[in-house]
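Asks: Just so you know, the sequences run in chain order A and B.
Residue numbers for the first sequence follow the working numbering, so the first one is 4 and each next one is one higher.
Residue numbers for the second sequence follow the working numbering, so the first one is 323 and each next one is one higher.
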Amino acid sequence: MNFSVVTSQFFPLLLNGLALGFIYVLISVGYTMVYGVLRLINFANSEIFMLGTFATVIVSHSIFHLDINSNPSHGFKLIVILLCCLLASMITSAIAAVVVELVAYRRLRSKGASRLSSLISAIGASIVLSEGVRLLTHSLPVSNPRVLSKFNLFTIHGVGLRIDQVLVMFAGALIFFAVDRFVKATRVGKAIRAVSMSEENSLLMGINLNRVISITFLVGGLVTGAGAFLYETVYETTVFNVGFNMGIAAFTAAVLGGIGNLRGAFYGGLTLGLAEEFFSAILGSQWKAITVFVVLVLILLVRPNGLFGEAVQQTRV
Amino acid sequence: MGSSAKPSSKHEFSEESMINLRDKGAELWANWNRPKRVAFALIVIFGVFLLPYAGNFSFTSILNTPIASYQAILVYPVGMYVLMALGLNIVVGKSGLLDLGYVAFFAIGAYTAAILGTKTHLNIWEILPFGMAFAMVAGVLLGLPTLRLRGDYLAIVTMGFGEIVRIAVLNTNSIGGPNGIPGVPNPPPVLGQSFDLANPAHFFWIIVVMILLVVWMVRRLSVRRPGRAWEAIRQDEDVAVLMGVRTLRYKIWSFIIGAAIGGAAGVIFASQQMFVAPQTFTFNVSVLILSCVVFGGMGNIWGVILGATILAYFPERIRFISNARQLVFGLALIITMNLRPDGLLPRKKREKLGSKAKAEKEASDV
Numbered sequence: 004m005n006f007s008v009v010t011s012q013f014f015p016l017l018l019n020g021l022a023l024g025f026i027y028v029l030i031s032v033g034y035t036m037v038y039g040v041l042r043l044i045n046f047a048n049s050e051i052f053m054l055g056t057f058a059t060v061i062v063s064h065s066i067f068h069l070d071i072n073s074n075p076s077h078g079f080k081l082i083v084i085l086l087c088c089l090l091a092s093m094i095t096s097a098i099a100a101v102v103v104e105l106v107a108y109r110r111l112r113s114k115g116a117s118r119l120s121s122l123i124s125a126i127g128a129s130i131v132l133s134e135g136v137r138l139l140t141h142s143l144p145v146s147n148p149r150v151l152s153k154f155n156l157f158t159i160h161g162v163g164l165r166i167d168q169v170l171v172m173f174a175g176a177l178i179f180f181a182v183d184r185f186v187k188a189t190r191v192g193k194a195i196r197a198v199s200m201s202e203e204n205s206l207l208m209g210i211n212l213n214r215v216i217s218i219t220f221l222v223g224g225l226v227t228g229a230g231a232f233l234y235e236t237v238y239e240t241t242v243f244n245v246g247f248n249m250g251i252a253a254f255t256a257a258v259l260g261g262i263g264n265l266r267g268a269f270y271g272g273l274t275l276g277l278a279e280e281f282f283s284a285i286l287g288s289q290w291k292a293i294t295v296f297v298v299l300v301l302i303l304l305v306r307p308n309g310l311f312g313e314a315v316q317q318t319r320v
Numbered sequence: 323m324g325s326s327a328k329p330s331s332k333h334e335f336s337e338e339s340m341i342n343l344r345d346k347g348a349e350l351w352a353n354w355n356r357p358k359r360v361a362f363a364l365i366v367i368f369g370v371f372l373l374p375y376a377g378n379f380s381f382t383s384i385l386n387t388p389i390a391s392y393q394a395i396l397v398y399p400v401g402m403y404v405l406m407a408l409g410l411n412i413v414v415g416k417s418g419l420l421d422l423g424y425v426a427f428f429a430i431g432a433y434t435a436a437i438l439g440t441k442t443h444l445n446i447w448e449i450l451p452f453g454m455a456f457a458m459v460a461g462v463l464l465g466l467p468t469l470r471l472r473g474d475y476l477a478i479v480t481m482g483f484g485e486i487v488r489i490a491v492l493n494t495n496s497i498g499g500p501n502g503i504p505g506v507p508n509p510p511p512v513l514g515q516s517f518d519l520a521n522p523a524h525f526f527w528i529i530v531v532m533i534l535l536v537v538w539m540v541r542r543l544s545v546r547r548p549g550r551a552w553e554a555i556r557q558d559e560d561v562a563v564l565m566g567v568r569t570l571r572y573k574i575w576s577f578i579i580g581a582a583i584g585g586a587a588g589v590i591f592a593s594q595q596m597f598v599a600p601q602t603f604t605f606n607v608s609v610l611i612l613s614c615v616v617f618g619g620m621g622n623i624w625g626v627i628l629g630a631t632i633l634a635y636f637p638e639r640i641r642f643i644s645n646a647r648q649l650v651f652g653l654a655l656i657i658t659m660n661l662r663p664d665g666l667l668p669r670k671k672r673e674k675l676g677s678k679a680k681a682e683k684e685a686s687d688v
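1. What ranges does the alpha helix (DSSP H) occupy inside the region 56–130 of chain A, keeping only unbroken runs of at least 4 residues that lie completely in it?
2. With DSSP as the reference, label A/G164 as helix, strand or coil.
3. Please give the ranges of any alpha helix (DSSP H) in the region 550–588 of chain B, keeping only runs that are unbroken, at least 4 residues long and fully inside the region.
4. Counting only the same chain and skipping the five closest in sequence on each side, list residues whose C-beta sits under 8 Å from that of B/V616.
5. Is B/H524 buried or exposed, if buried means 16 or more other CB atoms sit within 10 Å of its CB?
6. What first and last residue would you give for the beta strand (DSSP E) that runs through A/L156?
7. Please name the residues in the region 543–564 of chain B whose beta-carbon is closer than 7 Å to at least one beta-carbon of chain A, in chain order.
8. Which of the residues in the region 484–502 of chain B, read from start to end, lie with their CB under 8 Å from any CB of chain A?
9. So which residues on chain A does B/I656 lean against when the C-beta distance must stay under 8 Å?
10. According to DSSP, which residues form a beta bridge with B/Q515?
11. Do B/V607 and B/L450 have their C-beta atoms closer together than 9 Å?
12. Is any beta-carbon of chain A found at less than 9 Å from that of B/F517?
13. In chain A, which residues lie less than 8 Å from B/M620 when you measure between Cβ atoms?
14. Give the straight-line distance between the Cα atoms of B/V530 and B/L492, rounded to the nearest whole angstrom.
15. Can you list, in chain order, the residues of its chain with a C-beta nearer than 6 Å to that of A/I91? Leave out the 5 residues immediately preceding and following it.
16. Determine the direct distance from the alpha carbon of A/F281 to that of A/S49, and round the result to whole angstroms.
17. Can you have a look at A/A256 and say buried or exposed, based on whether 16 or more other CB atoms are within 10 angstroms of its CB?
18. Please list the terminal residues of the continuous alpha helix (DSSP H) segment that includes A/V150.
19. Report the option in B/S417, B/A390, B/R639 and B/S593 whose CA atom is closest to the CA atom of B/D558.
20. In the DSSP assignment, find the unbroken alpha helix (DSSP H) run with A/R190 in it and report its ends.
21. In chain B, which residues lie with their C-beta within 8 Å of the C-beta of A/G135?
22. Give a yes or no on whether the minimum CB-CB distance between B/G465 and chain A is below 9 Å.
23. First and last residue of the alpha helix (DSSP H) that includes A/A229?
24. For A/L259, is the beta carbon positioned less than 8 Å from some heavy atom of the ligand ATP?
25. Take A/I66 as the anchor and find which of A/V198, A/N211, A/T219 and A/V83 has the nearest alpha-carbon.
26. May I ask which residues mark the beginning and end of the alpha helix (DSSP H) holding B/L633?
27. Please state the DSSP three-state secondary structure of B/T468.
28. Straight-line CA distance for A/S329 to B/F456?
29. Give the single residue among A/A229, A/L81 and A/P144 whose Cα lies nearest to the Cα of A/T241.
30. By the criterion of Cβ-Cβ separation under 7 Å, what are the contact partners of B/F577 in chain A?
31. For the region 459–472 of chain B against the region 576–593 of chain B, do three or more pairs of beta-carbon atoms, one drawn from each stretch, fall closer than 8 Å, so that the two count as touching?
32. Using a beta-carbon distance below 9 Å, is A/Y38 in contact with chain B?
33. Just to make sure I have the definition right: I need the residues of chain B whose C-beta is within less than 9 Å of the C-beta of A/T274. Which are they?
34. May I ask you to list the residues that DSSP assigns as paired with A/T241?
35. Write down the C-beta distance between B/L396 and B/P374 rounded to the nearest angstrom, noting that I regard them as a contact closer than 8 Å.
36. Do B/L350 and B/L469 have their beta-carbon atoms positioned less than 9 Å apart in this structure?
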């Protein structure tokens, strides 16, 4: 127990927490969107995230021939590299998400199987993906070359605001805003919301259910992939089971905000990121994972539907 | 969903044939008189007790597992998984509560055995009730606040509980921390049979006895008030409340009974391995046990036993492709769930009146 860090380290903890929180926000969008339409925990989302981190590493390694010793890039080249990595990560994750839906969910859904069967099938997909990558990488962690030199953009009260943290917060907020608009304002988004309210009625309204569900997985995968890219720019390393802890935390964040509720994922992710940084500073980092769950349990005891309620769940019988 | 018509009709055909297989078994059993049933049960139990020797004969030696000793595999994972899957089946299969942290009760049982076994003079048979009691207390503590939550919230909180127990053990140095506790004593001999690493078959027999007790208990409970209450809760909790079922009480009871079985499995596991460490009790174990339950057929004890046996034994049998065996395991999960969504041996379909009526309607349409 070391409460003095809260006052002495307040701003660094706040910035780290926000950066981590925005990564959680993006990954939990992947969970919450799928949950919104299918009412299923997409167990494979953590592996979709993991594939995104590997896509980032592969692009900067193989296409731009960067390695650990190469100097950080600058200017136009830097932007090109970052954008390519981001795109690769998003596309890889999106493809993986759509394939997982096709392989693990679609057939079961058409049979009207119980939710637990789909859960087990998704767990199977998750095992296949992580084990496949484990075999390919021989269980070794892979480090990402430092693309972005981590200089302080400016300092407030003697606390540096690092460029990668700014990037994460800025890009995270932007992407989240885009998804939110997509779901709220577009025709496809409307279809997604309709399916999340009632599958049967949206079928009656002429909505192509399979297509909407594929699109939901696609969008969830794209956003999760963006989260994976941002994770790589901050932490610069990945391993085959990187998705496990991040996945659990992101899912917790989604539940915290009220799962199925897109904006809930936003607040839940930020709350969790901040709580994790502050609690692990106070209690010691070995208790980090516990604080996530303790926060979750305490909040669920007071508000059983998450902090912001399940916007979609309430419309359900 | 017009395109799904063809595969679903194909599926109904395959499920129909398997249902007949299961119903035939049930019918056969129903038509037998008591002596026949007792004789059949005794033969099966006798066969199970002989399983450790199956590796010695030429025609059953195909069961032998490469690398690990076959008899040891029968104890852990096969026997242990069957026992734990039966315990989790009460929670998930009978009352429909998704518990993703079942490993916590297993860990509590194992650590009870390790701590009491190394620090006191109690032997494992005396510790067994303590292990079960501590797991039950943990079940109450977890259940009282969380069982008011529904569905996936319960899932994530139980998952959190499992991780909290593991990390708390990992970070508590007085019980070994990451190094675990070595030197857990073996149980004292029973009927002149000693229990140690050289005799895994004896452990297997003890586990089979425990499995039989659990099966007996679950079968008795299923046809009595708790079983009916669980069934009502699983089908529709709101209706169950309206019918006067004390849902919270029976949900907690299902947690407690499941926890006690997990705790008992943990005690035996610790004394058989003679060593406990936090890395044994990861989230993956919870997932694996849940897979056993769903894979075999939720709610049906024979299905659960079959599922747990296959899922525990199969990865060991294919250890010769040691690196890829988890990959194959994942593929097997996807394929089997796609082919048989209700598990290998699903529970009786009469509970799903809606789907049956739908199937009949579709059949009449054709």
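We put the beta carbon where it would ideally sit given N, CA and C, even for glycine.
Replies: In this structure, then:
1. Correct list: 78–103 and 110–113.
2. Taking the first residue of the first sequence as position 1, residue 164 of chain A is located at position 161. Gly is not the amino acid found at residue 164 of chain A; the sequence shown has Leu there. Three-state DSSP puts A/L164 in a strand.
3. 559–564
4. Taking the first residue of the second sequence as position 1, residue 616 of chain B is located at position 294. Around B/V616: V414, G629, M659 and G665.
5. As a first step, residue 524 of chain B is located in the second sequence; it is residue number 202 there, counting from the start. It counts as buried.
6. As a working note, residue 156 of chain A is residue 153 in the first sequence. Segment N155 to I159, the beta strand (DSSP E) holding A/L156.
7. none
8. E485, I486, I489, A490, L492 and N493
9. Looking up residue 656 of chain B in the second sequence gives position 334. The answer, in chain order, is V106, A107, S124, G127, A128 and V131.
10. As a working mapping, residue 515 of chain B is identified with position 193 in the second sequence. B/Q515 pairs with B/V512.
11. Along the second sequence, read from residue 1 onward, the residue named residue 607 of chain B stands at position 285. Along the second sequence, read from residue 1 onward, the residue named residue 450 of chain B stands at position 128. Their beta carbons are not under 9 Å apart, which means B/V607 does not touch B/L450 by this criterion.
12. Locating residue 517 of chain B in the second sequence gives position 195, where the first residue counts as 1. Cβ-Cβ to chain A under 9 Å: no for B/F517.
13. Stepping through the second sequence from its first residue, residue 620 of chain B is reached at position 298. Neighbours of B/M620 on chain A, chain order: S117 and L119.
14. Taking the second sequence and counting its residues from 1, the one referred to as residue 530 of chain B is at position 208. Taking the second sequence and counting its residues from 1, the one referred to as residue 492 of chain B is at position 170. Roughly 31 Å separates the two Cα atoms.
15. Reading the first sequence from its first residue, position 88 is the one you call residue 91 of chain A. Before going further, note that residue 91 of chain A is Ala rather than Ile in the sequence given. Closer than 6 Å at Cβ, skipping near neighbours: A58 and V62.
16. For this step, residue 49 of chain A is matched to residue 46 along the first sequence. For this step, residue 281 of chain A is matched to residue 278 along the first sequence. When rounded, the distance between both Cα atoms is 24 Å.
17. Within the first sequence, residue 256 of chain A is the residue found at index 253, counting from 1. Buried, because 16 or more other Cβ atoms sit within 10 Å of the Cβ of A/A256.
18. Taking the first sequence and counting its residues from 1, one reaches residue 150 of chain A at position 147. Premise fails: A/V150 is in no alpha helix (DSSP H) and is neither H nor E.
19. As a working mapping, residue 558 of chain B is identified with position 236 in the second sequence. Considering only alpha carbons, the answer is B/S417.
20. If you number the first sequence from 1, residue 190 of chain A lands on position 187. Unbroken alpha helix (DSSP H) run through A/R190: R190 to M200.
21. The residue you call residue 135 of chain A lines up with position 132 of the first sequence. Those within 8 Å of A/G135 in chain B are L649.
22. Within the second sequence, the letter at position 143 stands for residue 465 of chain B. No, because no Cβ of chain A sits closer than 9 Å to the Cβ of B/G465.
23. Along the first sequence, one-based indexing puts residue 229 of chain A at 226. Note, A/A229: alpha helix (DSSP H), L212 to Y238.
24. The model depicted lacks the ligand ATP and carries no ligand whatsoever.
25. Sequence index remark: in the first sequence, residue 66 of chain A carries index 63 (1-based). Checked all of A/V198, A/N211, A/T219 and A/V83; the closest Cα to A/I66 is A/V83.
26. Stepping through the second sequence from its first residue, residue 633 of chain B is reached at position 311. Per DSSP, B/L633 is one residue of the alpha helix (DSSP H) stretching across I623 to R639.
27. Locating residue 468 of chain B in the second sequence gives position 146, where the first residue counts as 1. Helix at B/T468.
28. Since the first residue shown for chain A is 4 and the last is 320, residue 329 of chain A is missing from the structure and cannot be characterised.
29. Counting from one through the first sequence, the residue named residue 241 of chain A turns up at place 238. Selected option, being the one with the closest Cα: A/P144.
30. Taking the second sequence and counting its residues from 1, the one referred to as residue 577 of chain B is at position 255. The premise fails here: B/F577 is roughly 15 Å from chain A at the closest Cβ pair, so nothing lies under 7 Å.
31. yes
32. If you number the first sequence from 1, residue 38 of chain A lands on position 35. Yes, A/Y38 lies at the interface with chain B (some Cβ there is under 9 Å from its Cβ).
33. Counted from its first residue, the first sequence places residue 274 of chain A at position 271. The contacting residues do not exist; A/T274 stays about 15 Å from chain B at best.
34. The residue labelled residue 241 of chain A in the question sits at position 238 within the first sequence. Note: A/T241 is bridge-paired with A/V145 in the DSSP secondary-structure output.
35. To locate residue 396 of chain B, count along the second sequence from 1; it is residue 74. To locate residue 374 of chain B, count along the second sequence from 1; it is residue 52. Rounded, the Cβ-Cβ distance is 6 Å, consistent with contact.
36. The residue given as residue 469 of chain B occupies position 147 in the second sequence. The residue given as residue 350 of chain B occupies position 28 in the second sequence. No; because the gap between Cβ atoms is not below 9 Å, this pair is not in contact.
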